[in-house]
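The structure appears right after this line, and notes come after that.
Residue numbers (this note's numbering), protein chains in the order written: chain A, 76 to 468; chain B, 76 to 468.
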């Protein structure tokens, strides 16, 4: 059984029936979001029921879009550690700093969450071949879950993506197309090919289910903090699906009566080499503009224009959050500092969050007693050849 | 409080007091094992009590050697996924094949378990600087947990260790010494230096606590299989601490009344380029002989002589298990096959286990209806430059 009531356009409100393969809103081409009968979920599920369930993201099955558990394509994703990082916190006099470590995921990144749900749904709804443009980790995750599901996958990836992403994707049996350019160029090439082959487009927010997987980060944070959300969430933002997803999760949990009305201030972290959300946030704009010449070793942040930019910006503003750009030098210093201080080998995108906390702290934007969560979205091991400074170690 | 009663030599039975820093048996220099008052543990803890505990290896706190939870040095280790791999199983007509995926660990390998406990104990007992010789992953894990604990670490590593191991170890602030040679050469150099500096030796089985962390793999398997152990465990064997640890866990759980007297058949998997345990097992010997000229891309299996070899061989024989050597070509084929079939990017050591299952199946050593568990001991991402064939992908 499922509690899904339908799909709703995040921009124009148009509703669509679930139960068949869809991409974006047929009216305005904006992202579709899954809606649930949360009143019914509330009758069926208490948050204390979760305690006995396996420690993966599928413990939130009632607020996920599958009809039956047998349809799950899993590699053991979710319920990653929430680590107190006290030694790091002490550097800035912070009292309650936490790291949500998404390195401990199948395929070594947070992309596992979204692709697990998306591939499960795509297979259920009859897709046979799946395609994706990627900055790196999403391609590896699509290939992995596709293989696990017995589906063919086609991955379009910039040629300068870290080698680990290329290798993992090829090894999972994907058809990998390396593209000279950025994820936006990869997407353009994919668009040309997918229609003639009948592939299903798994680009983030161009299908409704990856965000459902990503939102489980919000459910986990709530559960791991005993249903009191933190004060600040610092999140690296490429496509921004995780941030939008967590914001959606908070609204759902509020409606379920699992949390109260308080929300964290949401912080988008980008690279100064590709910061369309930061620029739009500072300009007071509702959408971002395409960032020309994106360049940063934080490959997951090389996203010149996110389809869900307006949703990211909405969440930042509604939450009284902010957006911060950090340089690659600051990010590298953060990799070193967190490694030496806490023993955690962050991915560059995760390290950028610590650099952002340093910046926000120096601006007085953070109170020392606030509960702050950084997201490490993947394993540093996947970037060994991606960070130029590592060559000199 | 702790249920530890003392340390006991695994060879001569000599007992030693816990509560101070020790390495091997003062009488015969063999590994010391931690003994618990399991009768008291049984009075305090039911296996059903575990259900409410966090999904990490510290849920088994009563059978771990720490006095108090505050002493734990954690990065979120343990309770890794146990995945059914049905598509892979179908290739050989097996009905119940599982993979325990230790890639989802801090530092991306199973070494996190042992080093978490060892570093926690070393710090508690007053060590200030820790040292280790490593084939790769153990060095990264010692450096990480050392940093987390605020202790200095010294890691001696063959120069041809995969780059990810070197980078992760340096980034965690360790003093890394690259050695031309094997782990045995690294150990020899470390021995020369550690005495004069007063470092504490964290070599596996040269201190009593790494094995206590490793044994939690046995506890987890039992719990994940609802307290009925599988029929066969296929385990890649370098130092062999995990295998010895699981065997110890099974005996403890039997005494606790958590499992019955049935035991899995234990299978040691090695590389044909370094197979001292296989050779000793086939020769009916009680110990292995130093393997000259060890060479394999499965860097974790480049261990020419394990200190606990006699314990490994005992467990293989008591369990009516066996030992299997596979070539690097077979291992590479296994990486490809498991990647394409299940979407899992195995480390070479984990892939060797699938190659071994293929070999054992063709010999008729496995019954199709048996429950078989393969161990993937680390993330394939850490070996991107370690497997020569990857350069041609």
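Backbone N, C-alpha and C fix where the C-beta goes; we use that ideal spot for every residue, glycine too. This structure is a prediction, so every number in the text was calculated from the model and none was measured.
Assigned exposure category for residue i - 16 Cβ within 10 Å defines buried
i, result
"residue 240(B)", "buried"
"residue 269(B)", "buried"
"residue 123(B)", "exposed"
"residue 357(B)", "exposed"
"residue 296(A)", "buried"
"residue 282(B)", "buried"
"residue 212(B)", "buried"
"residue 126(B)", "exposed"
"residue 115(A)", "exposed"
"residue 303(B)", "exposed"
"residue 273(B)", "exposed"
"residue 345(B)", "buried"
"residue 364(A)", "exposed"
"residue 180(A)", "buried"
Endpoints, beta strand (DSSP E) assigned at residue i
i, result
"residue 450(A)", "446-451"
"residue 83(B)", "79-84"
"residue 173(B)", "171-176"
"residue 340(A)", "340-346"
"residue 441(B)", "Taken as a continuous stretch (DSSP letters only), residue 441(B) belongs to no beta strand (DSSP E), as it is neither H nor E."
"residue 205(B)", "204-208"
"residue 307(B)", "307-311"
Segment limits, alpha helix (DSSP H) that includes residue i
i, result
"residue 194(B)", "186-199"
"residue 111(B)", "Here residue 111(B) belongs to no alpha helix (DSSP H); instead the beta strand (DSSP E) covers 107-111."
"residue 417(A)", "403-417"
"residue 352(B)", "351-358"
"residue 319(A)", "316-331"
"residue 162(A)", "161-167"
CA nearest to the CA of residue i, picked from the options
i, options, result
"residue 104(A)", "86(A), 111(A) and 202(A)", "86(A)"
"residue 97(A)", "280(A), 163(A) and 216(A)", "280(A)"
"residue 289(A)", "114(A), 132(A) and 335(A)", "132(A)"
"residue 430(A)", "210(A), 401(A) and 389(A)", "401(A)"
"residue 438(A)", "390(A), 408(A), 167(A) and 261(A)", "167(A)"
"residue 377(A)", "209(A), 320(A), 391(A) and 333(A)", "209(A)"
"residue 242(A)", "93(B), 415(B), 427(B) and 335(B)", "415(B)"
"residue 421(B)", "93(B), 162(B), 177(B) and 223(B)", "177(B)"
"residue 447(B)", "349(B), 340(B) and 128(B)", "340(B)"
"residue 236(B)", "250(B), 247(B) and 214(B)", "214(B)"
"residue 411(A)", "333(B), 247(B) and 345(B)", "247(B)"
"residue 172(A)", "107(A), 457(A), 140(A) and 308(A)", "308(A)"
"residue 195(B)", "164(B), 160(B) and 139(B)", "139(B)"
"residue 312(B)", "457(B), 294(B) and 391(B)", "391(B)"
"residue 163(A)", "360(A), 335(A), 251(A) and 433(A)", "433(A)"
"residue 459(A)", "202(A), 238(A) and 184(A)", "238(A)"
"residue 298(A)", "462(A), 207(A) and 135(A)", "135(A)"
"residue 329(B)", "342(B), 287(B), 255(B) and 293(B)", "293(B)"
"residue 371(B)", "322(B), 435(B), 464(B) and 440(B)", "464(B)"
CA-to-CA distance, residue j to residue i, given in whole angstroms
i, j, result
"residue 285(B)", "residue 192(B)", "6 Å"
"residue 257(B)", "residue 374(B)", "10 Å"
"residue 315(B)", "residue 175(B)", "16 Å"
"residue 443(B)", "residue 305(B)", "13 Å"
"residue 197(A)", "residue 77(A)", "16 Å"
"residue 155(B)", "residue 369(B)", "31 Å"
"residue 82(A)", "residue 382(A)", "17 Å"
"residue 445(A)", "residue 397(A)", "16 Å"
"residue 205(A)", "residue 262(A)", "13 Å"
"residue 79(A)", "residue 291(A)", "16 Å"
"residue 455(B)", "residue 111(B)", "36 Å"
"residue 226(B)", "residue 182(B)", "17 Å"
"residue 150(B)", "residue 452(B)", "17 Å"
"residue 187(A)", "residue 99(B)", "43 Å"
"residue 251(A)", "residue 141(A)", "28 Å"
"residue 467(A)", "residue 184(A)", "25 Å"
"residue 221(A)", "residue 418(B)", "7 Å"
Contact test: residue i Cβ vs the ligand GDP heavy atom, cutoff 7 Å
i, result
"residue 460(A)", "As for the ligand GDP, it is missing from this structure, which has no ligand bound."
- Message: Could you tell me which whole beta strand (DSSP E) segments of length 3 or greater appear in the stretch 223-297 of chain A?
- Response: For the stretch 223-297 of chain A, whole beta strand (DSSP E) runs of length 3 or above, ordered along the chain, are 227-233 and 250-254.
- beta strand (DSSP E) runs wholly inside the stretch 377-406 of chain A, at least 3 long, in chain order: Entirely contained in the stretch 377-406 of chain A, the beta strand (DSSP E) runs reaching 3 residues are, in chain order, 397-401.
- Query: Counting only runs that start and end within the stretch 107-158 of chain B, where is the alpha helix (DSSP H) found for 4 or more residues in a row?
  - Reply: Counting only runs that start and end inside the stretch 107-158 of chain B, the alpha helix (DSSP H) elements of at least 4 residues fall at 113-119.
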